[in-house]
Structure formats: C-alpha cells, structure tokens
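Colleague: Structure in structure tokens, see below.
Number of protein chains: 2
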Amino acid sequence: MTGNAQLSKATKSRTDARPPRGRKRSANSGAGQHALDDEIGLDALAGHAGYAVRRFQIWIFQDFIRTLSAVDIRPTQYSVMTVIGANPGLSQMAVAKRLGIERARLVHLLDSLEQRDLVSRIKSATDRRSHALHLTARGRTALAQFKRLAAEHERHVAEKIGKGNREKLLQILAAFT
Amino acid sequence: MTGNAQLSKATKSRTDARPPRGRKRSANSGAGQHALDDEIGLDALAGHAGYAVRRFQIWIFQDFIRTLSAVDIRPTQYSVMTVIGANPGLSQMAVAKRLGIERARLVHLLDSLEQRDLVSRIKSATDRRSHALHLTARGRTALAQFKRLAAEHERHVAEKIGKGNREKLLQILAAFT
DNA sequence: CAACAATTGTTGTCGTCAACAACAATCTTT
DNA sequence: AAAGATTGTTGTTGACGACAACAATTGTTG
Chain A
1 MTGNAQLSKA TKSRTDARPP RGRKRSANSG AGQHALDDEI GLDALAGHAG
51 YAVRRFQIWI FQDFIRTLSA VDIRPTQYSV MTVIGANPGL SQMAVAKRLG
101 IERARLVHLL DSLEQRDLVS RIKSATDRRS HALHLTARGR TALAQFKRLA
151 AEHERHVAEK IGKGNREKLL QILAAFT
Chain B
1 MTGNAQLSKA TKSRTDARPP RGRKRSANSG AGQHALDDEI GLDALAGHAG
51 YAVRRFQIWI FQDFIRTLSA VDIRPTQYSV MTVIGANPGL SQMAVAKRLG
101 IERARLVHLL DSLEQRDLVS RIKSATDRRS HALHLTARGR TALAQFKRLA
151 AEHERHVAEK IGKGNREKLL QILAAFT
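Sequences listed follow chains A and B, in order.
So in UniProt numbering, spot 145 of the first sequence is number 145, and the numbers just go up one at a time.
So in UniProt numbering, spot 142 of the second sequence is number 142, and the numbers just go up one at a time.
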C-alpha cells in the first residue's frame with residue numbers, strides 16, 4: 001500500500017508536445033486575445049535554468065516511476081537501496097547525509113523498505129544508538145532487477161535528449177552528485 | 001517603493017547550502033566500518049541523470065528563493081507572473097497548461113498574487129467562465145525588479161556550473177521549456 | 001568520575017507541490 | 001433543449017524538504 005496514487009494514465013501529459021509555433025485555432029478559447037493552446041511566449045522564462053531543470057526533473061521522475069511501476073519503486077527508494085547495497089553497514093545518518101535527505105524522512109523510507117523485506121536494520125554493537133543498514137537477500141536480487149529497469153529508464157532519457165547530451169549533462173552536474 | 005507590504009519571515013533559516021566538506025572525526029561515526037562523512041561510494045547512482053538533476057534542482061531552487069527572499073517570490077510565482085506579463089489576458093487554463101501546473105494549483109497561486117496586488121483577475125466578457133489575467137501597475141514594476149534579482153540568481157548558477165555549461169544546459173533542456 | 005554537550009533514531013508539525021476527483025457555472029454540440 | 005465539454009474552484013492524497021523536540025546513548029570536560 002505505499003499508495004502510489006499516481007501514474008495511471010501516464011502517457012497523457014507527455015511533454016513531447018513541442019509547440020510547432022504558428023497555428024491559430026478557435027477564435028476565442030479563453031479570456032484574452034491569446035486563443036491558442038500552445039504558442040504562448042515564455043520570453044524571459046526561456047533563459048532561466050531553473051525553469052528548464054524543473055520541467056525536466058518532472059519528466060524524468062515520471063518516466064522513472066512509470067518504468068519501475070511494475071516493481072513499485074520510486075526514485076528516492078531506489079537511491080537509498082543503491083547506496084546501502086554499495087556500502088553495507090552504513091548508519092541511517094550516513095545514508096541521509098550522503099543522499100541529502102533528512103534523517104527524519106529516511107525513517108519512513110526505511111520503514112517501508114523493511115516492511116517489504118528489502119532492507120534490514122541491524123543494531124550496531126559498537127554504537128547502540130545507530131543501526132547498520134543492509135540489504136536482505138531478497139533486497140539484493142530485487143535491486144539487481146531495479147537496476148535493469150533503471151538502465152532502461154536511462155535509455156529513455158538518452159532517447160529524449162540525445163545520448164551525447166545526456167552524458168554532457170551528467171558531466172555538468174557531476175558536482176551535485 | 002513598490003515593495004514594502006509583506007516580506008515576513010523570509011530570511012529566516014538558511015541552511016546556507018555550502019557545507020565546506022568539513023572534517024569531523026568521531027572515532028566511530030556510525031554503525032558500520034564506514035567511518036568518514038564523505039567518501040561513501042555512490043557507484044551506480046553516479047550514472048543516473050535523475051539523481052543529479054534532482055540534487056541540482058534543489059540547489060537551484062534554494063538559491064532562487066534566497067536571492068529573491070527580499071521580495072518574497074518563489075520560482076513558481078515568478079514563472080506565473082512572467083507568463084502573464086508577457087501575455088496579458090491569458091486565462092487561468094492557458095497559463096496552467098503553458099507552465100505545466102495544475103489549474104487547481106494555480107488558483108491558490110493567483111489568490112496569493114492577487115492579494116498582494118500584483119495580478120488581477122478580470123472577468124472575461126466573451127467567456128464568462130474564465131478570467132483574463134493581467135499584471136497590476138504595481139505588479140509590472142515589481143516584476144521588473146524580480147527579473148533583476150532573477151538575473152542575479154542566474155549569475156549564481158553560472159558561477160556554480162560555469163557559464164558555458166549553463167548555456168549548454170539550457171540548450172539541452174530547451175525542449176522542456 | 002560526574003555533569004554537560006553532542007549524536008542517532010524517532011515522532012510530529014508545517015508548507016510546497018503533483019495528481020485526482022467532484023462540483024457549479026458556463027459554453028459548445030447535437 | 002438536452003447532452004457533453006470546459007473553466008474555475010474546493011478538497012483529498014501522497015511525496016518531499018525543513019524544523020523542532022525527545023529518549024537513548026556516546027563523547028567530552030571540568
């Protein structure tokens with residue numbers, strides 16, 4: 001029940017629209033003289049990195065969620081499992097810090113993953129405050145599948161913006177990783 | 001003189017996003033054998049565009065909010081005002097569609113902007129369902145200031161990732177704008 | 001060693017945001 | 001005119017970031 005209320009129709013709001021710029025339609029579809037669906041000048045907005053990044057991020061997350069909908073894994077869950085899988089024994093604090101998420105938020109994420117028997121919290125012997133995080137056996141095989149699906153998602157990204165552009169993007173944003 | 005009105009809290013809690021990657025040294029920082037704060041391998045995560053984009057988007061939004069904190073304008077509010085300013089008379093539906101936000105969400109955004117006397121909803125004569133959106137006189141002068149601050153924010157982005165990289169990024173993501 | 005400070009996991013609150021559903025008023029179509 | 005679609009609105013759900021407070025535990029210091 002992690003209630004994934006989203007996705008559903010999915011293929012509806014794809015951004016692949018790309019206003020062909022130059023078509024007028026019903027004489028009066030709204031309030032003003034701007035009648036058309038597309039072709040509304042963004043002007044200044046076009047030069048803002050934040051706007052483009054936001055739109056892209058929405059697209060990319062939606063594609064990720066859709067591509068991994070069969071296994072019901074969201075981007076954040078995937079990142080948590082990936083980090084734990086690559087660094088078994090990490091504390092919650094360490095994972096939170098590494099991924100840039102609140103440790104308070106990680107609690108719920110781990111609750112969910114632990115309920116699904118993908119991750120286990122093992123009490124640390126050396127520091128009884130903290131938990132050592134590990135993937136379960138089931139979690140390890142599951143993660144392998146998640147990674148295959150995630151790779152498919154990455155291919156979608158490459159198709160969308162171009163392979164070279166994707167790599168250039170990764171390179172530009174490497175500092176944030 | 002445009003402003004005054006309300007800036008409220010605004011400059012309150014700056015995490016100031018710039019952890020100097022400090023050194024810490026507790027002998028045993030967690031549950032596992034990974035003792036350092038950094039140096040946790042992300043491995044697979046490094047190759048995922050979505051992760052990098054998410055981190056970058058968080059950074060860029062925080063900088064935008066901080067840079068425009070004096071005028072208390074958030075990215076979405078800015079985008080709404082920019083579109084209305086460049087296309088006066090648009091309906092709410094048209095703005096929502098253009099910016100990719102829910103029309104339900106736009107209602108609250110406009111409520112807020114209208115209360116601050118930056119935007120006005122004018123009942124359309126031709127279609128009594130819809131509202132023609134316009135900037136108020138105050139909104140127009142305010143937007144001019146917002147744009148100056150937004151330009152400053154863009155300079156921050158350029159400093160962060162490099163001027164050429166910023167432009168390359170805008171070019172790569174132009175399809176999403 | 002004992003008092004004090006810091007850390008870890010946890011719970012809870014608040015605000016932003018995307019996705020939906022339902023509704024009244026108002027076009028549009030048939 | 002009746003049926004269907006659109007527009008603005010209200011409300012709900014869930015993911016998420018930012019904070020605050022707390023108990024248990026560890027570390028630090030006088």
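From the three backbone atoms N, C-alpha and C, an ideal C-beta is built for every residue, glycine too.
Quantities reported herein were computed from a predicted structural model and do not represent experimental measurements.
Of the residues that make up the region 97–123 of chain B, which ones have a beta carbon closer than 8 angstroms to any beta carbon in chain A?
Modeller: K97, R98, G100 and I122
Colleague: I need the DSSP call for S69 (chain B), collapsed to helix, strand or coil.
Modeller: The answer is coil: DSSP assigns S69 (chain B) none of H, G, I, E or B.
Colleague: Got a sec: is the Cβ-Cβ distance from L173 (chain A) to anything in chain B below 8 angstroms?
Modeller: yes
Colleague: Go ahead and label E152 (chain A) buried or exposed: buried means 16 or more other beta carbons lie within 10 angstroms of its beta carbon, across all protein chains shown.
Modeller: exposed
Colleague: Distance cutoff 8 angstroms, beta carbons only. Does T136 (chain B) sit that close to anything in chain A?
Modeller: no
Colleague: Count the other C-beta atoms from every protein chain shown that fall within 10 angstroms of the C-beta of V53 (chain B), then say buried if there are 16 or more, exposed otherwise.
Modeller: buried
Colleague: Kindly indicate if chain B contains any beta-carbon less than 8 angstroms away from that of F64 (chain A).
Modeller: yes
Colleague: Specify whether the region 69–81 of chain B and the region 133–145 of chain B touch according to this definition: at least 3 beta carbon pairs, one from each stretch, less than 8 angstroms apart.
Modeller: yes
Colleague: For Q77 (chain B), count neighbouring Cβ atoms within 10 angstroms of its own Cβ and tell me buried if that reaches 16, exposed if not.
Modeller: The residue is buried, with at least 16 neighbouring Cβ atoms inside 10 Å.
Colleague: DSSP beta-bridge partners for K168 (chain B)?
Modeller: Paired residue(s): none; K168 (chain B) is not in a bridge.
Colleague: If distances are taken between C-alpha atoms only, which option among B:R116, B:A96 and B:D117 comes closest to V107 (chain B)?
Modeller: B:A96
Colleague: What does the alpha-carbon distance come out to for the pair V83 (chain B) and R105 (chain A)?
Modeller: The alpha-carbon atoms of V83 (chain B) and R105 (chain A) are separated by roughly 35 angstroms.
Colleague: In the structure shown, what three-state DSSP assignment does L109 (chain A) receive?
Modeller: In the structure shown, L109 (chain A) sits in a helix (DSSP, three-state: H, G or I).
Colleague: Rounded to a whole number of angstroms, what is the C-alpha to C-alpha distance between Q62 (chain B) and A150 (chain A)?
Modeller: 28 angstroms
Colleague: Between the alpha carbons of R101 (chain A) and K147 (chain A), how many angstroms are there, rounded?
Modeller: Residue identity check: residue 101 (chain A) is Ile in the sequence provided, not Arg. One C-alpha to the other measures close to 21 angstroms.
Colleague: Rounded to whole angstroms, what's the CA-CA distance from A44 (chain A) to L99 (chain B)? Just pull it up for me.
Modeller: 13 angstroms
Colleague: Within 8 angstroms of any Cβ in chain A, is that where the Cβ of Q47 (chain B) sits?
Modeller: In the sequence under discussion, the amino acid at residue 47 (chain B) is Gly, which differs from the Gln named in the question. With 8 angstroms as the cut-off, G47 (chain B) counts as an interface residue toward chain A.
Colleague: If you reduce the DSSP assignment to three classes, tell me which class I60 (chain A) lands in.
Modeller: Assignment of I60 (chain A) by DSSP, reduced to helix, strand and coil, places it in the helix class.
Colleague: Which residue or residues does DSSP assign as beta-bridge partners of K123 (chain B)?
Modeller: B:H131
Colleague: Does K163 (chain B) come within less than 8 angstroms of chain A when only Cβ atoms are used?
Modeller: no
Colleague: Pop quiz: L169 (chain A) and L169 (chain B) are said to be a contact at Cβ under 8 angstroms. What is the actual Cβ separation, rounded to whole angstroms?
Modeller: 7 angstroms
Colleague: Would you mind reading off the limits of the alpha helix (DSSP H) that contains T76 (chain B)?
Modeller: P75 to A86
Colleague: Using the Cβ count rule (16 or more neighbours within 10 Å means buried), how would you classify I122 (chain B)?
Modeller: exposed
Colleague: With 16 other CB atoms within 10 Å as the buried threshold, where does E154 (chain A) fall?
Modeller: buried
Colleague: Where does G50 (chain A) land, buried or exposed, given buried means 16+ other C-beta within 10 angstroms?
Modeller: G50 (chain A) comes out buried.
Colleague: Quick check on DSSP: helix, strand or coil for L90 (chain B)?
Modeller: The three-state secondary structure of L90 (chain B), taken from DSSP, is strand.
Colleague: Looking at C-alpha atoms only, which residue of B:R166, B:S79 and B:I161 is the closest neighbour of A175 (chain A)?
Modeller: B:I161
Colleague: Among A:L118, A:Q115, A:L135 and A:E167, whose alpha-carbon lies nearest the alpha-carbon of N87 (chain A)?
Modeller: A:L135
Colleague: Should Q57 (chain A) go down as buried or exposed, given a rule of 16 or more other Cβ atoms within 10 Å for buried?
Modeller: With at least 16 other beta carbons inside 10 angstroms of its own, Q57 (chain A) counts as buried.
Colleague: Within 10 angstroms of its Cβ, does Q92 (chain A) collect 16 or more other Cβ (buried), or is it exposed?
Modeller: buried
Colleague: For R55 (chain A), decide whether its Cβ has a neighbour in chain B, counting only Cβ atoms nearer than 8 angstroms.
Modeller: yes
Colleague: In chain B, which residues lie with their C-beta within 9 angstroms of the C-beta of R166 (chain A)?
Modeller: A49 and I172
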